[in-house]
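If you use the working numbering, the sequence shown corresponds to residues 23 to 242, in order. C-beta atoms are modelled at their ideal positions from N, C-alpha and C, and glycine is treated no differently.
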Amino acid sequence: MSPRLRFDEQLEILNKEVLKMGALIERALKGATFALLNNDKRKARHTIASDEQINRIERDIESLCLKLLLQQQPVARDLRTISAALKLITDMERIGDQAADICVIVEKSKVPLANTEVGHLFELAEATTTMVNNAIIAFVRRDDSVARLVMKEDVRVDELFLTVRNELIALIRQREDLSEMAVDRLMIAKYFERIGDHAVNIAEWVEYSMTGYYKGTFLG
Numbered sequence: 023m024s025p026r027l028r029f030d031e032q033l034e035i036l037n038k039e040v041l042k043m044g045a046l047i048e049r050a051l052k053g054a055t056f057a058l059l060n061n062d063k064r065k066a067r068h069t070i071a072s073d074e075q076i077n078r079i080e081r082d083i084e085s086l087c088l089k090l091l092l093q094q095q096p097v098a099r100d101l102r103t104i105s106a107a108l109k110l111i112t113d114m115e116r117i118g119d120q121a122a123d124i125c126v127i128v129e130k131s132k133v134p135l136a137n138t139e140v141g142h143l144f145e146l147a148e149a150t151t152t153m154v155n156n157a158i159i160a161f162v163r164r165d166d167s168v169a170r171l172v173m174k175e176d177v178r179v180d181e182l183f184l185t186v187r188n189e190l191i192a193l194i195r196q197r198e199d200l201s202e203m204a205v206d207r208l209m210i211a212k213y214f215e216r217i218g219d220h221a222v223n224i225a226e227w228v229e230y231s232m233t234g235y236y237k238g239t240f241l242g
């Protein structure tokens, strides 16, 4: 087998591993949303436990990327693909962490969040989940148009977060007995907003791997 064919095989393994990690974080995010919606503490604990699997696959991908960089000395687009993979798995790992953080709040919360007016919180959760799904689709399909769609959706997520924050402020003023629950919900909303930011980062690295441009700057 020629060195090029061997390298192409290793790149395909890299793509499959990133896709596998993407599937894990999507599952974790859906698990966190389900646990929140249903006050399902068992689902919350299961999602928290799954974070270690996400961490392991991140380490495996890092090792594979470093092996490709050191042994194959890739150039141009191949180098961008490997470099982007190294960057985007960091954001994927953070999404897994934040899904677990949401579940920690659900598990410890004394007041079931679903038993109170949820306002736009679940709309925010759905919007960020869609952003993550599309960011992974952009990577799998190498589709920069989908990546740009993810970037545009960040504006809506930011607006939803502000709406949730304002709803919670109003709730605290009306019901002081729900202030602890409101703080929990605000923390959860902030985690979802951060997950949206990580989805944008993934999309930006996908665009870079295809075009050489990162946030409008040509990096080669």
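Just reading off the alpha helix (DSSP H) that D176 is part of, what are its end residues?
Per DSSP, the unbroken alpha helix (DSSP H) holding D176 starts and ends at 166-196.
Would you report the Cα separation of D165 and L200, rounded to the nearest angstrom?
Looking at the two C-alpha atoms, the distance is approximately 45 Å.
Which residues in the same chain have their Cβ closer than 6 Å to the Cβ of Q94, if we skip the five residues on either side of it in sequence?
Taking Q94 as the centre and dropping the five residues before and after it, the same chain places the C-beta of F29 closer than 6 Å to its C-beta, in chain order.
Shortest alpha-carbon distance to I217 belongs to which of V97, K65, T151?
Out of V97, K65, T151, T151 has the C-alpha closest to the C-alpha of I217.
Cα-Cα separation, A57 to F144
Roughly 12 Å between the two C-alpha positions.
Where DSSP assigns a beta bridge to Y230, which residues make up the other side?
DSSP, once it has assigned bridges, lists no residue as partnering Y230.
Cα separation between D82 and E148?
So the alpha carbons of these two residues sit roughly 30 Å apart.
Going by C-alpha distance, which of I159, L171, D62 is nearest M43?
Looking at the Cα atoms, I159 is the closest of the given residues.
Of the listed residues W227, K237, Y235, T233, nearest to A106 (C-alpha basis):
Answer by Cα proximity: W227.
Whole angstroms is fine: what's the gap from E74's alpha carbon to F161's?
Approximately 23 Å, taken between the alpha carbons.
Delimiting residues of the alpha helix (DSSP H) encompassing S85:
Unbroken alpha helix (DSSP H) run through S85: 73-94.
Using the rule of at least 16 other Cβ atoms within 10 Å of the residue's Cβ for burial, across every protein chain shown, is V177 buried or exposed?
It counts as exposed.
If you draw a straight line from the C-alpha of E103 to the C-alpha of T239, how long is it?
Contrary to the premise, residue 103 reads as Thr rather than Glu in this sequence. Approximately 17 Å, taken between the alpha carbons.
Please return the same chain residues whose Cβ sits closer than 6 Å to the Cβ of A246, not counting the five positions on each side in sequence.
This structure gives no information on residue 246, because the portion of the chain shown stretches from 23 to 242.
Quick check on S24: buried or exposed, where buried means 16 or more other Cβ atoms within 10 Å of its Cβ?
The residue is exposed, with fewer than 16 neighbouring Cβ atoms inside 10 Å.
Terminal residues of the continuous alpha helix (DSSP H) containing N155?
DSSP places N155 inside the alpha helix (DSSP H), whose first and last residues are 143-163.
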